[in-house]
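I have placed the structure first, in the form of structure tokens, so that the comments after it can refer back to it.
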Amino acid sequence: MTMIRSPAVAGLFYSADARQLSQDVNDLLAEAKFNDFKPKALIVPHAGYLYSGAVAASAYASLRAAAATIRRVVLLGPAHRVAVHGLALPGVDVFDTPLGSVKLDQELAAAIAHFPQVTVSREVHALEHSLEVQLPFLQRVLGDFTLLPLAIGWTSAEDVAEILEQLWGGEETLIVISSDLSHYLPYAAAQRMDNETVQAILQLRQPIAHDHACGSIAINGLIIAAQQHHLTPHLLDLRNSGDTAGSRDRVVGYAAMAFN
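All letters in the sequence shown, in the order written, are residues 13 to 272 by this note's numbering.
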């Protein structure tokens, strides 16, 4: 029997209606600036599309030139709802979205299952939005691909980098790190902190602190991997919720970055 992970935040973070969602994603991608980076890795925010969708779209728009060669996506995001040690696989066969189904890459999952920092937890993934919100963009830009989603809990950057190395692959494999930046600071303070964070990433300096980015452990792991593979990071977009759809009293920061 096929094990399916159903969408948890459709209708909350993005439209649950397939036609409307498709139109929303197409509009966001159409408005995004085109960058022909052919990235190996992306850092993408994961708030509701009203807040961070335009920033996310600037990352996914950078895949246009490389989309035809990408066949698998390794997607890492922080576990928000259920505490977990290490990196959690979902233990299912398919992730569903309103735009259709995405098959999980069982070959990749098997390749890392024996590592001590890797666990399997359907519970961790069941309500997790940080991975789910990336899928409609990936479905629209890439079409057919397999997915390896990992929810990141208590672990080290080195443990993440070790798993990334196992999953690295070639041009057919894209790494996506799902992370927002600062949380609930006043607008100007958030701008200062987020600029500091982005500059550190651009210089491949880690550790990035958890209060600077909710996906900091995965970002730090990517920085280690980027150093090993001689990747260059690029800033595609940097805004916060005060720039998009929210009050400027307490904002959340969003960056889109590409590594090639």
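Each residue gets a CB set at the ideal place from its N, CA and C atoms; glycine is no exception.
DSSP, reduced to helix, strand and coil, places H242 outside both helices and strands of the structure shown, so it counts as coil. For the beta strand (DSSP E) assignment, the uninterrupted runs of no fewer than 3 residues enclosed by the segment 110 to 154 are, from N- to C-terminal side, 112 to 115, 130 to 132. Counting of Cβ neighbours within 10 angstroms places A200 among the exposed residues, the total staying below 16. The DSSP-derived three-state label of G181 is coil.
A237 places its beta carbon 8 Å or farther from that of P245. For R204, no beta strand (DSSP E) segment is defined; the enclosing uninterrupted segment is the alpha helix (DSSP H) at 199 to 214. Under DSSP, D108 takes part in a beta bridge, and its partners are S113. For R84, the enclosing beta strand (DSSP E) stretches over residues 84 to 90.
The beta-carbon separation of A66 and V56, rounded to 12 Å, does not stay under the 8 Å limit for a contact. Burial is judged here by how many other beta carbons sit within 10 angstroms of a residue's own beta carbon; K45 has fewer than 16 and is exposed. In the DSSP annotation of this structure, G254 is not part of any beta strand (DSSP E); the continuous alpha helix (DSSP H) holding it starts and ends at 253 to 256.
A Cβ-Cβ contact shorter than 8 Å links M15 with V104. For L99, the enclosing beta strand (DSSP E) starts and ends at 99 to 101. Between S142 and S74 a beta carbon distance of about 20 Å is seen, past the 8 Å cut, so the two are scored as non-contacting. If you compare the alpha carbons of A95, L101, R17 with that of G165, the shortest gap goes to A95. Per DSSP, the beta-bridge partners of F271 are A53, P245.
The beta carbon of D206 is closer than 6 Å to those of L193, S194, G265 in its chain, skipping five residues each way along the sequence. Here P161 is bridged, per DSSP, to L87.
Between E144 and the set S253, H224, A267, A28, the nearest pair of CA atoms involves A28. In this structure A30 touches L111 by the C-beta definition: roughly 6 Å separates them, less than 8 Å.
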